[in-house]
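Data first, discussion second: the structure below is written as structure tokens.
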Amino acid sequence: MLEFKYLRMNVFGGSYMSHIPIPGTTQHKLIQAGLKRFAEMGYNQAEVDDIAADAGVTVGALYHHYKSKKKFYGLLRDDVTLRILDRMEAVADAAPPELRLKLVLLTAYDSMIRLKVGRLLSEPDPRKGDNPVARYLGELAAASGEEAGEELGIILAEALRAAFAQVVEHDGDEAAMRSVLNRLLSS
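Yeah, the sequence shown ends on 209 if you go by my numbering, and it's all consecutive.
Structural data, given as structure tokens:
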């Protein structure tokens with residue numbers, strides 16, 4: 023199971039606060055229960071009552087620590103997204119320019135599969151904000167000379183999410199979806 027390692031606040035704005043929850047604390051229990059529920063059920067179907075019950079705490083404890091279901095979900099989603107972005111950046115730094123975008127996209131897909139985050143990343147973010155993966159892919163595309171880099175980043179991020187959703191929600195073949203993404207960037 024995915025282990026939550028860092029609490030990051032305002033991370034996409036440039037500053038963040040890191041905190042490693044102590045195992046056994048209310049926050050740690052809520053985080054583990056939230057990751058499991060959101061990965062299995064997605065944002066809309068996961069109930070705060072069930073998350074709190076899984077954690078062995080009250081719903082009030084969840085709201086005390088995280089203020090709302092959406093903020094709690096956002097914290098978990100942002101942490102997982104940061105892990106994937108870290109992997110994408112490492113590959114981008116090492117990849118030859120002509121393969122960079124392709125290898126970064128495939129790395130993001132492989133990371134999503136390996137982390138077993140399920141519906142946490144296969145569905146659109148209910149917060150409706152900026153998509154940091156799309157932004158990063160757009161920056162890479164623009165740096166590679168693509169005229170519409172930002173737009174390409176948005177399209178590639180959505181293709182990535184759709185491929186992952188096919189695997190998670192429709193029992194799609196992981197290798198087949200990876201092959202589709204590979205072909206998408208080979209043309």
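Just so it is clear, CB atoms sit at the ideal spot from N, CA and C, and this is done for glycine as well. Here the structure is a predicted model, which means the values were calculated and not measured.
Cβ-based neighbour list, residue i, same chain, cut-off 6 Å, excluding 5 preceding and 5 following
| i | result |
| --- | --- |
| Gly-35 | Only weak support exists for where Gly-35 lies, its pLDDT of 43 falling under 50; the value from the coordinates is given anyway. Once the five neighbours on either side are set aside, Gly-35 has no close Cβ partner at all. |
| Lys-124 | Leu-207 |
| Met-23 | Its pLDDT being 30, under 50, Met-23 is placed unreliably by the model, and the measurement read from it follows with that caveat. So no residue of the chain qualifies. |
| Ser-133 | Ile-106 and Arg-109 |
Rounded straight-line distance, which links the Cα of residue j to that of residue i
| i | j | result |
| --- | --- | --- |
| Gly-175 | Ala-117 | 18 Å |
| Arg-246 | Val-139 | Residue 246 cannot be examined here, being either before or after the span of the chain that is shown, 23 to 209. |
| Phe-186 | Tyr-85 | 30 Å |
| Glu-25 | Gln-54 | Since pLDDT at Glu-25 reaches only 36, below the 50 mark, its modelled position is unreliable, and the value read off the structure follows with that caveat. C-alpha separation (whole angstroms): 7 Å. |
| Leu-203 | Ser-166 | 19 Å |
| Lys-91 | Glu-168 | 38 Å |
| Thr-48 | Ala-170 | 46 Å |
| Ser-201 | Leu-107 | 21 Å |
| Asn-153 | Pro-45 | 30 Å |
| Val-102 | Thr-129 | 14 Å |
| Ala-61 | Ser-144 | 9 Å |
| Ala-75 | Glu-120 | 50 Å |
Of the listed residues the options, nearest to residue i (C-alpha basis)
| i | options | result |
| --- | --- | --- |
| Leu-142 | Met-63, Lys-51 and Ser-208 | Met-63 |
| Ile-177 | Leu-127, Ile-44 and Gln-54 | Leu-127 |
| Asp-214 | Asp-152, Ile-135 and Arg-109 | The requested residue 214 does not occur in the structure, where the chain is confined to residues 23 to 209. |
| Ala-164 | Arg-122, Leu-137, Val-102 and Arg-205 | Arg-122 |
| Leu-57 | Gly-151, Pro-119 and Tyr-95 | Tyr-95 |
| Leu-98 | Glu-173, Arg-205 and Arg-59 | Arg-59 |
| Glu-173 | Ala-75, Gln-188 and Val-155 | Val-155 |
| Lys-93 | Glu-191, Lys-150, His-192 and Val-190 | Lys-150 |
| Pro-43 | His-87, Asp-71, Pro-148 and His-192 | His-87 |
| Asp-147 | Val-189, Glu-191, Asp-100 and Gln-188 | Asp-100 |
Other residues of its chain near residue i: CB distance less than 7 Å, five sequence neighbours each side excluded
| i | result |
| --- | --- |
| Leu-51 | The question names Leu, but residue 51 in the sequence shown is Lys. Excluding sequence neighbours, Lys-51 sits near Ala-77, Gly-78 and Val-79. |
Sequence-distant residues of the same chain with beta carbon closer than 8 Å to residue i, five excluded per side
| i | result |
| --- | --- |
| Ala-198 | none |
Three-pair Cβ contact test at 8 Å for the stretch 103 to 117 versus the stretch 182 to 194: no
Counting pairs of Cβ atoms below 8 Å between the stretch 67 to 85 and the stretch 155 to 165, do you hit three or more? no
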